Amino acid sequence: MNGRWMWGKSGRRALAMALALAILWMGGGAQGAGGTVSAAPSAARHVVLLMVTDWTFAELAAMRDAPGMGRLLREGAVAAISLRTAAGYGDVASAVTLGAGAPALAVPRAAAGGDVGEWRGALTVGQHYARASGTAPPSGVAVPAAFHLAAANAEAAFGAVPGLLGETLKRAGLRRMVAGHADRDEAPRRLAPLLLMDQDGRVPEGQFGPPVMHLDPTAPGGWRTDVAAMRDAVASFLRGPSGVVAVEFGDWARLAAEKPQMAPVRWAAERAATLEALDRLVQGIAARVGPEDLLLVFSPSVHREAEAEGARVMPLLVYRPGGEPGVATSTSTRQGGWVTGTDVAPTVLAHFGLSAPAAMSGAPIAVRPGQADAVFDDVDKRVAVYRLRQNVVPPLALAIIGVLLVALWFMWRGRRVVSPASLPRWSAVLQGALFAVLALPGVLLVLAPWAVAWPWLAYACAAIAAAGGAGAILCRLRPLAALGVVAAGNVLMILADGLAGGPLARYALLSHDPIIGARFYGLGNEYSGVLLGASVLAASALWVTVGDRRRWARGLVLVGLAAAFLYTAAPGGGANFDAVTAMLPAFVLTVWRLSDRPITPRALLVVGTLSVGVGAAVLYGHAAMPEAQLSHIGRAVRRLLAGDWGPLVDIARRKWDMNLRLLRVSIWGKVFVTSLLVLIGDLLHSEARQDASPVGRFLRGLSGGALGTFLALLVNDSGIVAAATSSLFLAVPLLCLHLSAAQAAAAGRHLYTPSTSL
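Numbering (our numbering), first residue to last: 592 to 1349.
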């Protein structure tokens, strides 16, 4: 078969229709790619940002029946806030991120801002600021480290602009005020200025001492917030012109930091008193915000105990008098009850009718129907899955590495070490283990509902047992048939779950993790690699085993590859353009090689043109989506269409840095290197692959998977992860075929004949 049936006139017409349908499907309900700026409202509006440093869902749960928090939970909206910065976690970097609207870095003494007359060592804050800027501010609040922050973030991967929220508010003529702090004795810890400072590190109004804050030698950290005075200060601000006030309630952070030094009775008493004071402050502010005002209560960080437990999510409460209760969400997460830290700044600006600057990567927070109890339950489950992932995934990855290395050793030395009589038995055992490796991603997806309920050891044993059982069953099939079945099973499970809205992927160990905050929806790195590699493997096996005799099988291969591609590309599906960039050339090359077409300059031109055209259609579909449905890909494309090429440079640099780091520290880097060793070993140990046998054609079909793995490594944010999972669907088939060849040789047969390869 020469494959010409695919590329005739009817084939070209079908391809054109498919492209048109794909564009219409992905861009359905589209509107113009340009953003809009609504007119600023004439009535006075205010936003109150109440920041409770080191506050977690555990403390919020303890306050659910308190008057203030209870009111916000009943009448407002709640969500978990994932606050990922440009350099891990931490309250200072989180505060800079909140004020920039993009993942940002912190620098030393970034939290040492304050009133220009306050002393920091031998100099005042104003004098420190003058050293950095050359200008002494006459009054207000200054952050001397603002210029260092700007320089550090200009060189970082995300291109965050510290102070962008405050700068935008200043240019719109809106008031800004900060109050409160998390200082401990003489050590300054001022996060509120980092939220509202402009790009010069200035905030016009600030209160850090009496009457809102008092030195108290008996209080944890030596400071205590005067709740009544803070409430009155906020009330006074709300009676004035439109603007934003950021209040930092630092009493809880001071108490959490000193818990190891306190007697249990003292800790319990201070905990109750501090949470009661926080609730009185919330109650007082909520009673004073008007119908045109917005109150956001959140934390930029978690305390050390929560950090140690993996509970790196903080609560966010949204309250507007007369607003609809429910759960908060945004297009950044597309999940009810989840928002990102970069969503806070666009939300503040949207309240005043202002569009977020292009350098902000978040989206305005919205409220949709839902129950607070569901958010608490989901956070508990996500934290449990996060802990389970830390305990289960590394051992499973090490087991995969072990199986690959043992099979690789057996390929080289097995015939010399194992007796001819026992060679078939050992080959069968290793083949079963290799089939189990390929079955594992699907098994972990199916076991997702039990990820929360089972202890990690029981879950790991269940996963190994299920994958091992699948491997034992697959051993009864012939090699190519078994490989096709396990690969097709992975593809069908991923697509079925994705089309159903991802109920299994939500808690699967190899899926995206909102606690880490790299991705919240669509197809994550691990399963994008699985889908790519498994699709190529299933297509190659089906084409070779059935397609040569049944034309419908070749059509089924094309439909399957198209389904995997369209799901990955769709804004409402996988929404993973990195994976699309790898999949399209990989799938085209797979079909090209399976249809026995030679790789010529013309073929490369066709593949390249097709890839660029379809890729452009995918990008257009994302950019043309309505604002409320816009994905992260669509936002980036709109910035590029507006002439802002900064995101492209930032993305390329971030991908490079992330992959280098993951190659060094991630267990998936070790899996990828092991798969490479298998591929190199196969090259040195293999027979010719250019023969016309089914196995030869099957291996040529896998060349598409090799191309996809290489592209995934280059274009993906975490390319090592995607390349590692994809490369398993190359390494395992090669090892299985070598083991089958050993079995066939022991029986006096040759694998590369139809009777033994199918």
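Beta carbons: idealized from backbone N, C-alpha and C, even for Gly.
For clarity, every value in this text was computed on a predicted model and none was experimentally measured.
- Here S1131 is buried: its Cβ has 16 or more other Cβ atoms, across all protein chains shown, within 10 Å.
- Boundaries of the beta strand (DSSP E) around M905: M905 to Y910.
- The alpha-carbon separation between G659 and G667 amounts to approximately 11 Å.
- For A695, the CB contacts under 8 Å within the same chain, skipping 5 residues up- and downstream, are T676, A677, A684, V687, T688, L740, N744, A747, F749, A751 and P753 in chain order.
- DSSP places T809 outside both helix and strand once states are collapsed to three, so it counts as coil.
- Of G797, A1019, L1180 and L1038, the smallest CA-CA separation from V1198 is found for L1180.
- Per the coordinates, the alpha-carbon of R655 lies some 23 Å from the alpha-carbon of A837.
- In the assembly as shown, W1259 is a buried residue. Its beta-carbon has 16 or more other beta-carbons within 10 Å.
- The DSSP-derived three-state label of L995 is helix.
- Spatial neighbours of N1167 in its own chain (CB-CB distance under 6 Å, excluding positions within 5 residues in sequence) are listed in chain order as G1113, L1114, S1119 and T1159.
- Here P937 really is in contact with A947; their C-beta atoms are around 4 Å apart, less than 8 Å.
- DSSP places W814 in the uninterrupted beta strand (DSSP E) bounded by W814 to T816.
- In the DSSP assignment, H942 falls within the unbroken alpha helix (DSSP H) covering V935 to H942.
- DSSP places W929 inside the beta strand (DSSP E), whose first and last residues are W929 to T931.
- Going by DSSP, H637 is part of the beta strand (DSSP E) stretching over H637 to V643.
- With distances taken between CA atoms, I672 lies nearest to T933 out of T933, M1002, R636 and G1146.
- Counting only residues of its own chain and dropping the five nearest sequence neighbours on each side, R871 has a CB closer than 6 Å to the CB of V818.
- Per DSSP, M1174 lies in no beta strand (DSSP E) segment; the continuous alpha helix (DSSP H) that holds it begins and ends at F1168 to L1185.
- Rounded to the nearest angstrom, the gap between the Cα atoms of L651 and A670 is 12 Å.
- 9 Å or more divides the Cβ of L1021 from the Cβ of V1037.
- Counting only residues of its own chain and dropping the five nearest sequence neighbours on each side, A1061 has a CB closer than 6 Å to the CB of A1030.
- By DSSP's assignment, I672 forms a beta bridge with M905 and V930.
- Rounded to whole angstroms, the gap between the alpha carbons of R722 and V734 is 12 Å.
- In the three-state reduction of the DSSP assignment, F799 falls in the coil class, being assigned neither a helical nor a strand state.
- Looking at the backbone, the Cα of L1048 and that of S1102 are separated by about 20 Å.
- The three-state secondary structure of R767, taken from DSSP, is strand.
- In this structure, A1129 sits near A1078, with a CB-CB distance shorter than 9 Å.
- Between G813 and D706, the beta carbon gap of about 18 Å keeps them out of contact (Cβ cut-off 8 Å).
- Annotation: the continuous alpha helix (DSSP H) that includes G757 extends over L755 to R762.
- Excluding residues up to 5 positions away in sequence, M768 and V836 lie with their Cβ nearer than 6 Å to the Cβ of F828 in the same chain.
- For V835, no alpha helix (DSSP H) encloses it; the enclosing beta strand (DSSP E) starts and ends at G834 to F840.
- Between the alpha carbons of L1328 and P1070 lies a gap of roughly 7 Å.
- If you draw a 10 Å sphere on the C-beta of I1107, you find fewer than 16 other C-beta atoms in it, and that means exposed.
- In this chain, the alpha helix (DSSP H) harbouring V873 covers P855 to A877.
- Per DSSP, L1157 has no beta-bridge partner at all.
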